[in-house]
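K.L.:
Sharing a structure below in structure tokens format, with a few things to ask.
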């Protein structure tokens, strides 16, 4: 589904990613862990197409296509979804309107009929159950005045609505209390399927108590320095990232 | 005297010949006005309140009144009429057209020119009374030249159940016509109403609308006012609203400005007695070479008044916006609460906005604030929307709409919100839509 090869990325002339290699197959959940400043968020944003990030070398192939040749919206319409670490406020645009536009653009690109206002409303209400969101969120401006937990739930709601093939979650666990973390994690678990893949980017292991990954990768200094199974996350939690650099590791 | 000013002077003299039956007090007002205009001429950018708006294009053309009432297509009339119930007042080329109007119960509407001749006692105490810009050239021209306009009176303790809608329509088939509508709104003590003024035109030649509206709110009166300016792209539009508020009265206004080649919207409010409040909001959307100028002046004269202002601009192409907001808190006006915010979004690299807040505070127990922000569409917000599959242009338009909606939500006139959003969306669709980069 996604094949990243020798990816180098710079921001404002500073190289952040220094040769990333990663293969994600349908249905897999990959956790990418690493200390602050290791390049985790850069990786998620460059995959989604953030204009501040420049690919200087390497490639990313998504379903056989060159991801970096695709416009931001085309990536989304083709099924790539990024749940933001810091979701953006969109004043004056209500959530329902925003979700309707996003869903219909995506449906159009997939050759599906656009849904009308009534159909959308029913559909959204159904999806809001996944993240236990109240219907009143639909009439509020996107993310404006939302608490940290509400913003993250809103991201997962969008994930549920847009039904992507590849969902990239950037530190979705950060800033969540334990109840919100459970709700968000359960939402993700319900959305797992044999055809949908996840990349979970996280600093801490705690979300992985709720979402069991197939693969865990450690990103440090712009490179994946270590990969393993789900147990690797526990080891990291126990021994810290310093351990990865030491000689004590496997 | 330069030749253009002389031209106006001559036109005035010609008119004067036919005005023998006008009352003395009015002739005096007119004489003073034309004299002031002749003395000062049109404003130049050297004048503080006109420094960002050059009216040379208006000053250079001898605009003439058009006396004929054009034949209106039935379609035009229907479209104009169908936007809701209540009173519908139609002013065409500056002249009140009673036959095209519908006057609901509870209000008293007359042609101001007619009222001056037949019932001068209901006009004289008010005409020029609320106005605070007697020295201004356009105000002076209006006073010197006006023939018609709306006199609207709502009696004491009357609550109007339905809005008053006034449409000022210009038939722009002749070049260089001018209209000087003069309106006077007197809201009796404890009365309540909604007034929506709309300025529209048929597409065509260049023309000038130079309107003056005076509003008096007696004790405890409430008026929710809106002014929608969607003149043609060839139009010059200069309009001032002068509101004088008595004790505990409340005035809200919303001005939407999307039309005109050069449009200036002035809103003056004097809180002339205690506990009066006003809320002034506005939105201006420019593109191409448009110049859209908003001027506000809130004069807190007495204690415990409050004023809230929010103006927003969306400027594309080579358009230019101006916001100048002056707040005066006089020594007597203790306990005043006055806030002003101006925000603008520039949608192109060549659009421009000048913002000029001016606070003069002479009282010491007051709460005042002002803020101005000029920016562009936020890159992160665009990225966020696009990352959800929304196209680049649609994302830009959505953000611009959201920006506009925030101020539209401020209007007290619920039924108008949808209309305002439609006008805004139509203009934004032209800016973000196909065929325009």
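Residue numbers (our numbering), protein chains in the order written: chain Y, 684 to 933; chain R, 9 to 445. Every residue, glycine too, gets a C-beta built ideally from N, C-alpha and C.
Are the CB atoms of residue 229 of chain R and residue 199 of chain R nearer to each other than 7 Å?
P.N.:
Yes. Within cutoff.
K.L.:
Taking DSSP as the reference, what is the three-state secondary structure of residue 409 of chain R?
P.N.:
Three-state result, residue 409 of chain R: helix.
K.L.:
State the DSSP-derived secondary structure class of residue 917 of chain Y, mapped to helix, strand or coil.
P.N.:
Note: residue 917 of chain Y maps to helix in three-state DSSP.
K.L.:
Going by DSSP, name the residue or residues bridged to residue 881 of chain Y.
P.N.:
Residue 881 of chain Y pairs with Y:712, Y:850.
K.L.:
Should residue 869 of chain Y be flagged as near chain R, meaning a C-beta pair shorter than 7 Å?
P.N.:
With 7 Å as the cut-off, residue 869 of chain Y does not count as an interface residue toward chain R.
K.L.:
Buried or exposed for residue 801 of chain Y, please, with buried defined as at least 16 other CB atoms from any protein chain shown within 10 angstroms of its CB.
P.N.:
By the neighbour-count rule (16 or more Cβ atoms within 10 Å), residue 801 of chain Y is not buried but exposed.
K.L.:
Between which two residues does the beta strand (DSSP E) carrying residue 185 of chain R extend?
P.N.:
Start and end: 185 to 187.
K.L.:
Name the one or two DSSP bridge partners that residue 217 of chain R has.
P.N.:
BP columns for residue 217 of chain R point to R:187, R:245.
K.L.:
What does DSSP give as the partner residue(s) for residue 383 of chain R in the beta ladder?
P.N.:
Note: residue 383 of chain R sits in a beta bridge opposite R:353.
K.L.:
Within a Cβ cutoff of 7 Å, which residues of the same chain sit near residue 256 of chain R, ignoring the five residues on either side of it in sequence?
P.N.:
If we look at residue 256 of chain R and ignore the five residues flanking it on each side, its Cβ neighbours are 227, 228, 283, 284.
K.L.:
In the DSSP assignment, what are the bridge partners of residue 436 of chain R?
P.N.:
DSSP lists no partner for residue 436 of chain R.
K.L.:
Under 7 Å, do residue 231 of chain R and residue 174 of chain R count as touching if we go by C-beta distance?
P.N.:
No, the Cβ-Cβ distance between residue 231 of chain R and residue 174 of chain R is not below 7 Å.
K.L.:
Looking at residue 304 of chain R: is its Cβ nearer than 7 Å to the Cβ of residue 288 of chain R?
P.N.:
Yes. Within cutoff.
K.L.:
From residue 893 of chain Y to residue 381 of chain R, what distance separates their C-alpha atoms?
P.N.:
When rounded, the distance between both Cα atoms is 44 Å.
K.L.:
Please compile the residues from chain R whose C-beta is within a distance smaller than 8 Å of the C-beta of residue 776 of chain Y.
P.N.:
Neighbours of residue 776 of chain Y on chain R, chain order: 406, 407, 409, 410, 413.
K.L.:
For a contact defined as C-beta to C-beta under 7 Å, what are the partners of residue 389 of chain R on chain Y?
P.N.:
Near residue 389 of chain R (Cβ distances below 7 Å), the residues of chain Y are 771, 773.
K.L.:
Report the option in Y:799, Y:743, Y:847 whose CA atom is closest to the CA atom of residue 787 of chain Y.
P.N.:
Comparing Cα positions, the closest option is Y:799.
K.L.:
Quick one: is residue 696 of chain Y buried, meaning 16 or more other Cβ sit within 10 Å of its Cβ, or exposed?
P.N.:
Residue 696 of chain Y should be labelled exposed.
K.L.:
Can you have a look at residue 393 of chain R and say buried or exposed, based on whether 16 or more other CB atoms are within 10 angstroms of its CB?
P.N.:
Per the 10 Å Cβ criterion, buried.
K.L.:
Taking the C-alpha atoms as reference points, what is the distance between residue 444 of chain R and residue 95 of chain R?
P.N.:
Confidence in residue 444 of chain R is poor, its pLDDT being 39 and thus under 50, which makes the residue's placement too unreliable to answer from.
K.L.:
Give, in chain order, every residue of the segment 745 to 760 of chain Y whose Cβ lies closer than 8 Å to some Cβ of chain R.
P.N.:
Of all residues in the segment 745 to 760 of chain Y, 754, 755, 756, 758, 759, 760 have a Cβ within less than 8 Å of some Cβ in chain R.
K.L.:
Are the C-beta atoms of residue 392 of chain R and some chain Y residue less than 7 Å apart?
P.N.:
Yes, its Cβ sits closer than 7 Å to a Cβ of chain Y.
K.L.:
Throw me the rounded Cβ distance for the residue 692 of chain Y and residue 738 of chain Y pair, which I believe falls under 8 Å.
P.N.:
Their Cβ separation, rounded to whole angstroms, is 6 Å, which keeps residue 692 of chain Y and residue 738 of chain Y in contact under 8 Å.
K.L.:
Since residue 400 of chain R contacts residue 756 of chain Y with CB under 8 Å, what's their CB separation in whole angstroms?
P.N.:
7 Å between Cβ atoms; contact.
K.L.:
Report the residue ranges of all beta strand (DSSP E) runs contained in full by the segment 705 to 773 of chain Y; include only those spanning at least 3 residues, in chain order.
P.N.:
Segments of the beta strand (DSSP E) lying fully in the segment 705 to 773 of chain Y: 712 to 716, 736 to 745, 763 to 766.
K.L.:
Identify every run of the beta strand (DSSP E) within the segment 301 to 352 of chain R, keeping only runs that are complete inside it and at least 3 residues long; order them along the chain.
P.N.:
List check, beta strand (DSSP E) in window: 314 to 323, 328 to 337.
K.L.:
Around the Cβ of residue 708 of chain Y, are there at least 16 other Cβ atoms within 10 angstroms (buried) or fewer (exposed)?
P.N.:
Per the 10 Å Cβ criterion, exposed.
K.L.:
How close, in whole Å, do the beta carbons of residue 159 of chain R and residue 117 of chain R come, if the pair is a contact with beta carbons under 8 Å?
P.N.:
Their Cβ separation, rounded to whole angstroms, is 7 Å, which keeps residue 159 of chain R and residue 117 of chain R in contact under 8 Å.
K.L.:
Just curious, the beta strand (DSSP E) that residue 274 of chain R is in, first and last residue?
P.N.:
Residues 270 to 279.
K.L.:
Does any residue of chain Y have a CB that is nearer than 7 Å to the CB of residue 398 of chain R?
P.N.:
Yes - at least one Cβ of chain Y is within 7 Å of the one on residue 398 of chain R.
K.L.:
What is the DSSP secondary structure of residue 294 of chain R, reduced to helix, strand or coil?
P.N.:
Three-state DSSP puts residue 294 of chain R in a strand.
K.L.:
Using 7 Å as the threshold, is the C-beta distance between residue 773 of chain Y and residue 403 of chain R below it?
P.N.:
Contact: no.
K.L.:
Does any residue of chain R have a CB that is nearer than 7 Å to the CB of residue 809 of chain Y?
P.N.:
It does not; no Cβ of chain R falls within 7 Å.
K.L.:
Can you tell me whether residue 442 of chain R is buried or exposed? The criterion is at least 16 other CB atoms within 10 Å of its CB, across all chains shown.
P.N.:
Caution applies to residue 442 of chain R, whose pLDDT of 46 falls short of 50 and renders its modelled position unreliable; the value that the coordinates give is listed next. So residue 442 of chain R counts as exposed.
K.L.:
Check the C-beta distance from residue 186 of chain R over to residue 150 of chain R and give it rounded, since I have them as a contact under 8 Å.
P.N.:
Actually they do not touch by this definition, with Cβ atoms about 10 Å apart.
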